[in-house]
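Just so we're aligned, residue 1 is where the sequence shown starts under full-length UniProt numbering, counting upward by one.
Built from N, CA and C at the ideal position, the CB exists for glycine as well.
One structure below.
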Amino acid sequence: MSQQIVENIIRIKERITIACENSYRDPKDVKLLLATKTVSEEYIEIALNAGHILIAENKVQELKEKFEKLKKIPHTNHFIGHLQSNKIKDLIKYNVTCIQSLDRLSLAEKLHQHLEKEGRVLDVLIQVNTSFEDSKFGMSPRGVIELVRQVAQFDTIKIKGLMTIGLLSTDNEKVRRCFRLLKDIQKNIEVQQISNVQMTELSMGMSGDLEIAVEEGATIVRVGTAIFGQRSTPNSFYWNEGN
Ligand SMILES: *Cc1c(COP(=O)(O)O)cnc(C)c1O
């Protein structure tokens, strides 16, 4: 399995490189983030030792459980899961440098309170629901600019860009539409030059659709299954309301 993980990472990097070549982009402009939900510390350690520094969890509980074992290996932690306000206090104990799933003002308010108390700042991406599915988290595309303006008022929170989960579909054009929408929203926000807001990062694309995302401008692709294998827990456990 450990050899497999290393080989899978190499294969994903090749896929990113080819997608970059097809869209005249520099592969250096696309970061590979390893989505490590349900993956054991041992396997994550193998990936980290192979030189893959950017990882992310979906649940604070899992982040906490793996923290002790992984903290000795240099790496960067993002958070990509649905976040409940009452978990923020816990989350910011575990060296997360970016919350990619900020999707509502109430969450930003709570986050600001905690960060201010600790005299810290934190990067965030705004999660957008580009697939218009009720089951997915994320701010609706129409509300994004307003949310960005509101969050920008909190000086502890540094907006660095946008994140989305594309439609899970075999129809590539429908998937592409999600990513293109995120890129359009990014451009709309950029031209407004809101202070305390950067729009450098576009986190989009996963195991099944990373090529499309790279072609549409992704700067971070989040890959789990294609590196660590199939999970026994369905995505709905992480992505839907009510858990
Ligand atoms: C699990 C997850 C991923 C990775 O998905 P795979 O299909 O396993 O590559 C990416 N983003 C988010 C938000 C996830 O929860």
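Span separating the alpha-carbon of residue i from that of residue j
i	j	result
Glu201	Ser140	19 Å
Asn8	Ala47	10 Å
Cys20	Thr219	11 Å
Lys136	Asn129	7 Å
Glu216	Leu182	9 Å
Glu45	Ile227	13 Å
Ile165	Gly119	32 Å
Asn243	Ile80	Any reading at Asn243 must be qualified, since the residue scores a pLDDT of 39, below 50, and its modelled position is unreliable; no value is offered.
Leu105	Thr156	14 Å
Met199	Asn188	10 Å
Leu102	Ile185	16 Å
Val175	Leu168	7 Å
Distance cut-off 7 Å: residue i Cβ against heavy atoms of ligand 1
i	result
Ile212	no
Ile165	yes
Tyr43	no
Ala226	yes
Ala35	yes
Met139	no
Ser207	yes
Val39	no
Val223	yes
Asn58	yes
Nearest residue (CA-CA) to residue i, options the options
i	options	result
Lys87	Ile73, Lys64, Asp134, Glu118	Lys64
Glu42	Val60, Val151, Ile73, Asp26	Ile73
Lys93	Val121, Arg180, Tyr238	Val121
Val197	Thr225, Ala213, Leu125	Leu125
Phe154	Lys37, Glu173, Leu107	Leu107
Thr36	Glu62, Glu116, Leu115, Lys158	Glu62
Arg222	Gln84, Thr233, Gln100, Ile18	Gln100
Thr17	Tyr238, Pro27, Phe132	Pro27
His112	Thr76, Gln150, Asp134, Gln127	Gln150
Arg177	Lys71, Asp209, Arg11	Asp209
Ile212	Val6, Trp239, Asn172, Val191	Asn172
For the segment 24-33 and the segment 53-66, state whether three or more C-beta atom pairs, one from each stretch, are separated by less than 8 Å. yes
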